[in-house]
Ligand SMILES: [Zn+2]
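Numbering (the working numbering), first residue to last: 13 to 127.
Here it is, written out as structure tokens:
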């Protein structure tokens, strides 16, 4: 059974909220701090510390690429980059090869590329 709670984030506030999963008649959820719309990130999400701005920037790149953190039946969400360096490496790979960013960003390994 999937977990009853899932996580939402507000990127501008660098805040994460555990909330009940969206149901069939879900409505947009708002940040209690700033009232901006929250982004659903999934139940396997582990929030960075609020003062870790680089980690929140990394997260914002992932969310813009459409990547979230769903909890599988027996597994976590799979690899997600945690630093901007890891993001840059994977975005460079996407540009070089034409791989869609949403796929390149969740690669555990970036193939070595000879220039
Ligand atoms: Zn907010």
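Heads up, the beta-carbon is just placed ideally off N, CA and C, and yes, glycines get one too.
Just so you know, these numbers come straight off a predicted model, no measurement behind them.
Check: Considering only heavy atoms of ligand 1, does any lie closer than 7 Å to the CB of residue 67?; Outcome: no
Check: Of all the options 17, 101, 75 and 118, which has the alpha carbon lying nearest to the alpha carbon of residue 12?; Outcome: Summary: the structure shown does not reach residue 12, with the chain confined to residues 13 through 127, and so no result is reported for it.
Check: Please list, in chain order, all residues of the same chain as residue 50 whose beta carbon is under 6 Å from its beta carbon, the five residues on each side excluded.; Outcome: 20, 22, 41 and 43
Check: Which residues count as close to ligand 1 when the rule is a CB under 6 Å from any of its heavy atoms, in chain order?; Outcome: 22, 24, 25, 27, 43, 45, 46 and 48
Check: For residue 16, does the three-state DSSP call read helix, strand or coil?; Outcome: coil
Check: Decide if residue 70 is buried, meaning its Cβ has at least 16 other Cβ atoms within 10 Å, or exposed.; Outcome: buried
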